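Visitor:
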Amino acid sequence: MIPQKLRLKNFLSYQQLALDFSGLHVACICGANGAGKSSLLEAISWAVWGASRAASEDDVIHVGSKETQVDFTFIAGGEVYRVIRTRSRNSSTSLEFQVQSEGKFKSLTERKVRSTQQTIISHLKMDYETFVNSAYLRQGRADEFMLKRPSDRKQILADMLALSQYDELAERAKDIARTSKAELAILENLLTHLQEQILAGAEIAPQLETLRSQLTELQAWESRDRTQLQTVEDLQKQYTSVSQQLTWQQQQQNSLASNLAQIERQLTNQQKQLQQLEGYLLQRSPILQDYERYQLLSAQEAELDRKLQKYQQISDRRGEFSHKLASLQSDLKGQLRHYQAQLESLVQQESELQGIRSRATEIEGAIAELHKARAVLQEFDRLHAQSTPLVHRYQTLKHQLEREETKLTAKLEELVAKRDQLQLQVKDRDRLLGHAQELDRQIEALQKKQVYQQRVHEKGLERRDFLERLKSRLADSEAAFKKLEAKMRHLTVPNAPCPLCDRPLDEAHWQLVQKKHKQESRDLQADIWVVKEQQAASNCEIEVLRDEYRNLKKELAPLNDLIQRKGTLQERLKAISEAVQRLGLIDAEIQDLGDRLRTKNYLREAWEEMELIDKNIHKFAYDEKNHALARGDVERWRWAEIKQSELKNAQRQADNLSQKIPDLQTKIHQLQERLTKNLIDLEVQHELEQCDRTLTQLGYEPDRHQQLRSQKQELTPSLLRYQELTRAEQEYPELQQQVSHLQQAQTHHQQELQTLSTQIIGLEAQVQALHGDHAQEIQALKQNLQNWRSQMDSLLAQIGSLQQAQQQLEQSHQREQETLVQIETARQRQRIHNELYQAFGKNGIQALMLENVLPQIEVEANQILAQLSDRQLNVRFITQKSGKKSDRIIETLDIEIADTKGTRPYETYSGGEAFRINFAVRLALSRVLAQRKGSTLQTLIIDEGFGSQDQLGCDRLVSAINAIAPDFECILVITHMPQMKEAFNTLIEVSKGEEGSMVQLVG
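Just so you know, the numbering used here puts 952 at position 952 of the sequence shown, and the rest follows in order with no gaps.
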């Protein structure tokens, strides 16, 4: 993948960005921390794989924006592709994938985002995990490959080597073998079935003759029962017709009886109603008199109701005026109480103000003393203002000189302590040099043995691989031998066909085939014995190599400890050399500091300024104590000012009270006079008198009204009786007519009922003459006919089946021969594809390719690491290790790391060392895979990580990057360190402002 163009819209810290990578080979993306450097690479990974460092998908959207979009164009496999990924806040993600064709982009987008993502991965031949473990050294995740489990490391390498095609081939071979196995089982079952059919074919003819005779007998029985059924069905039809007529007549009889009963009930009810109406008509005169009296009482009650309504209206109005008059009287009394309280308060204030005005002479004398004390205080303030800056400056200079002296003294003591410490280190220099030389001699001897141990290990792996091949060869030979024995046993069967061409054999050909198989059997036995002898020899050789390896391992046990001790001695000797140089500098500095402290040769200007300030301070006759006494006098007489202000306020308030008190006394007198004479509100009092006169004129009597209501209530039943009389006069003639009609209908129904009874008796006699229902007999005959038909159908089916079986018998002989040929073909195809499945599997070609590429990666990593660490570090890839059982070898991908102190775990190395190891392994991985034919790794991205390196480490990293530059189309390095920018010709400078991150291409 080679980046070409990148367009961002509202992605992380970017609002708008268009960046062209065309023509960039090695470029540095630089800028301050948080400027948005890593966000450019996050945009690429998010666009292509939908992965980023954000916790949720909405977090990639720029703050304050609703939608983000990344448009990324790149080259892969010689084609130009374009990916556009869009995300709306709190919504779904859209993904477009395009390829350039004839200058235009053609869409490869699928219906769903997940399907489109799989299409991108298939065209790029790289998923996100492979990308971040090879081409992309992500910020804070440079150790991604190192921290993976061995199985995950192997899978990542397999993905980058495109070994998945062998997995596909293995699966296809496995599917074909599985299909062949299933096909073989089906064919064997088919052969068994065909042979069974052939054996059963001899019994078909006798069975067919027996079935035909049974069919003739059944046809005769079926004809006899059919004739009898026809006779019984005719009798049943006559019986059914007469029965239906009888049923209909009986239903008519029941219906007429029901109607007659209903008419009789209606006639009884209406005769009762007719009697009730006649009773009301006989009492007509008393009912009309009571009704007329009820009407008169209703008219009188209506008149009294009208007077009652008017009486209530006038009473309500009188109550309103009475309440209003009482409220006005209460308000006047409240005003009177308020004015009286104000008058009492004003009289009391006038008495208090008179006491303050009596102290006027005393206050004026105190004011004069206050003015004298303030004049004296002003003079002291003037002298203090002139001397204070000089005193403050004097104190400042004094503190400054004391701090400088303390600092110089502390520095002197620190230098003396350092000198003593360095002198102790220098004493052991000669002894340590001798010890280091001895260690170099021992380490050199053990390292030569280590090289020999590695050769022994490689030889053991070679022998073990040879032994595995021998095992496979032995298994194949034994399988072939067993197959040959089966063929030879087949030849012993009389009239056996040829095992190769499946043709009949004569005596001469049989002898020839027998001789050929015996020769092949002897050759296979000889080959098996040779393989077993080679296995025994290889096992002995492996055992010797194991003993040699174990002995060498014991001898090399002290090597790591010696290397560690050597590294410690080198560090100590380097520290001693630096200490000797520093001792001379420290002695000179101690002498200089001692002289400066004795002669006070520091801050000379401060010393001179202090002497001058001291002389000027003595010129002023300023006394701090007298100044404080003057302040006390001013504070002691300050009460006079407060009392003077209170005196002026008292005079103003007294003048105001002399005007308010007479006004209040006048208002109180006026209110008391109105209340005494009841002069509250003349208009309201007039309205009350008017209401009283109107009530008297109305003349409403509540007792009379109540008595009239009682009399009317007693006559209420007369109204109901009048209504019943009216209804009786209207309904009586009509009811008489209905009774007459019902009596006529009753007579008619009785005559019809008598006629139907006569007809029913005649039909019952006809039913008895037909000897009852023949339905059961008919059903039995039909069941017999159905049984005969069922048996005949069964016989016909059996006859047809046997006839078809005769036709298929000839076909079965032919299919038997074809099936035998197909079975042999399927067995051969299954065996071949099982072998292909093993060859294409993880332990076949794939394992061989990984074993071939890992040594190249190890060599490249150690070359880069030697350049980065001054040959202090090296790595080693382990692909096989012993299992819990000594005879079992486990496939793995472990990484061993060693330095001058020996081999130790990856986690124990410092941050700078760990980054160099990660950097070297990842660069070697990318470089080797990029050099392989057909690899898709053409871009390398290094994000930060330089902060853990010193200047020398950074220079070495840059040299390593430049060394591998020819192997890649594009290398991008991200850093915030200013010194790293100078090492690159092309810069992509990233800055951040109020509108977000911005990019500028330099060089």
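Quick reminder that beta carbons are idealized off the backbone N, C-alpha and C, glycines included.
Because the structure is a prediction, the values reported are computed rather than measured.
Thinking C-beta only, is LYS37 closer than 7 Å to VAL1002?
Guide: Against a cut-off of 7 Å, the Cβ pair of LYS37 and VAL1002 comes out as no contact.
Visitor: Please return the same chain residues whose Cβ sits closer than 7 Å to the Cβ of LEU211, not counting the five positions on each side in sequence.
Guide: LEU795, GLN798 and ILE799
Visitor: Could you give the first and the last residue of the continuous beta strand (DSSP E) run that contains ALA76?
Guide: 67-76
Visitor: Of all the options HIS338, ASN539, ASP58 and PRO3, which has the alpha carbon lying nearest to the alpha carbon of VAL26?
Guide: PRO3
Visitor: Output the boundary residues of the beta strand (DSSP E) element that contains PRO3.
Guide: 2-11
Visitor: For SER88, which residues from the same chain have a beta carbon less than 6 Å from its beta carbon, with the 5 sequence-adjacent residues on both sides left out?
Guide: GLU67
Visitor: Just the C-alpha distance for SER935 and ASP465, rounded to the nearest angstrom, thanks.
Guide: Unreliable placement is indicated for SER935, whose pLDDT of 46 sits below 50; no coordinate value is reported for it.
Visitor: What does the Cβ neighbour count give for ASN551, buried or exposed, with the cut at 16 atoms within 10 Å?
Guide: exposed
Visitor: Drop a sphere of 10 angstroms on the beta-carbon of VAL83, count the other beta-carbons inside from all chains shown, and report buried for 16 or more, exposed for fewer.
Guide: Flag for VAL83 reads buried.
Visitor: Output the distance between the C-alpha atoms of THR73 and TYR81, rounded to the nearest integer angstrom.
Guide: 6 Å
Visitor: Does ASN834 come out as helix, strand or coil in the three-state DSSP assignment?
Guide: Helix, per DSSP.
Visitor: For the beta strand (DSSP E) that ALA27 lies in, which residues bound it at each end?
Guide: 26-30
Visitor: Using DSSP with H/G/I as helix, E/B as strand and the rest coil, what is LYS933?
Guide: A caution first: LYS933 carries a pLDDT of 42, below 50, which makes its placement in the model unreliable, though a value can still be read off. Three-state result, LYS933: coil.
Visitor: If you draw a straight line from the alpha carbon of GLU969 to that of TYR837, how long is it in whole angstroms?
Guide: 37 Å
Visitor: For the segment 457-476 against the segment 571-580, are there 3 or more C-beta pairs whose distance is under 8 Å?
Guide: Taking 8 Å as the limit for Cβ pairs, the verdict is that the segment 571-580 does not touch the segment 457-476.
Visitor: Could I get the ranges of all uninterrupted alpha helix (DSSP H) runs contained in the segment 574-611, with 4 residues as the minimum, in chain order?
Guide: For the segment 574-611, not a single whole alpha helix (DSSP H) run of length 4 or above is found.
Visitor: Starting from GLU96, trace the alpha helix (DSSP H) in both directions and tell me its first and last residue.
Guide: Element bounds for GLU96: not the alpha helix (DSSP H) but the beta strand (DSSP E), 93-101.
Visitor: With a cut-off of 8 Å, do at least 3 Cβ pairs link the segment 582-600 to the segment 323-339?
Guide: No: the two stretches stay apart, fewer than three of their Cβ pairs being nearer than 8 Å.
Visitor: Just to confirm the assignment, what range does the alpha helix (DSSP H) spanning VAL1005 have?
Guide: Since the first and last residues shown for the chain are 1 and 1003, residue 1005 lies out of range.
Visitor: Have a look at HIS627, GLN349, GLN312 and ALA480 and flag the residue whose alpha-carbon is nearest the alpha-carbon of ALA375.
Guide: HIS627
Visitor: Once you ignore the five residues that flank GLN867 on each side, which residues in its own chain have a CB closer than 7 Å to its CB?
Guide: ARG956, SER959 and ALA960
Visitor: For ARG153, count neighbouring Cβ atoms within 10 angstroms of its own Cβ and tell me buried if that reaches 16, exposed if not.
Guide: buried
Visitor: Between the C-alpha atoms of ILE198 and LEU191, what's the straight-line distance to the nearest angstrom?
Guide: Approximately 11 Å between the Cα atoms of the pair.
Visitor: Do LEU802 and LEU208 have their C-beta atoms closer together than 7 Å?
Guide: yes
Visitor: Below 6 Å CB to CB, which residues in the same chain sit around PRO855 once its five sequence neighbours on both sides are set aside?
Guide: none
Visitor: For HIS371, does the count of other Cβ atoms within 10 angstroms reach 16, so buried, or fall short, so exposed?
Guide: When all chains shown are included, HIS371 counts as exposed.
Visitor: Per the contact definition of three or more C-beta pairs closer than 8 Å, is the segment 237-253 in contact with the segment 824-843?
Guide: no
Visitor: Could you tell me whether the Cβ atoms of TYR722 and TYR291 are closer together than 7 Å?
Guide: yes
Visitor: ASP894 by DSSP, collapsed to three states: which one?
Guide: strand
Visitor: Can you tell me which residues form a DSSP beta bridge with LYS992?
Guide: Note: LYS992 is bridge-paired with SER997 in the DSSP secondary-structure output.
Visitor: How about SER719 and TYR294: are their beta carbons less than 7 Å apart?
Guide: According to the sequence provided, residue 719 is Leu. The question's Ser does not apply to it. Yes, the pair counts as a contact, with Cβ atoms nearer than the cut-off.
Visitor: Out of GLU405, THR716 and GLY584, which one is the CA nearest neighbour of ASP595?
Guide: GLU405
Visitor: With DSSP run on the structure shown, which of helix, strand or coil describes PHE877?
Guide: strand
Visitor: Ignore the nearest five residues each way along the sequence and tell me which others in LEU332's own chain have a CB closer than 8 Å to its CB.
Guide: LEU671, ARG674, LEU675 and ILE680
Visitor: For LYS933, I'd like the list of residues in its chain whose CB is within less than 6 Å of its CB, leaving aside the five on either flank, ordered along the chain.
Guide: Summary for LYS933: the model assigns pLDDT 42, below 50, so the residue's position carries little reliability, and this model does not support an answer.
Visitor: Applying the criterion that 16 or more other CB atoms from any shown protein chain within 10 Å of the CB defines a buried residue, is VAL70 buried or exposed?
Guide: buried
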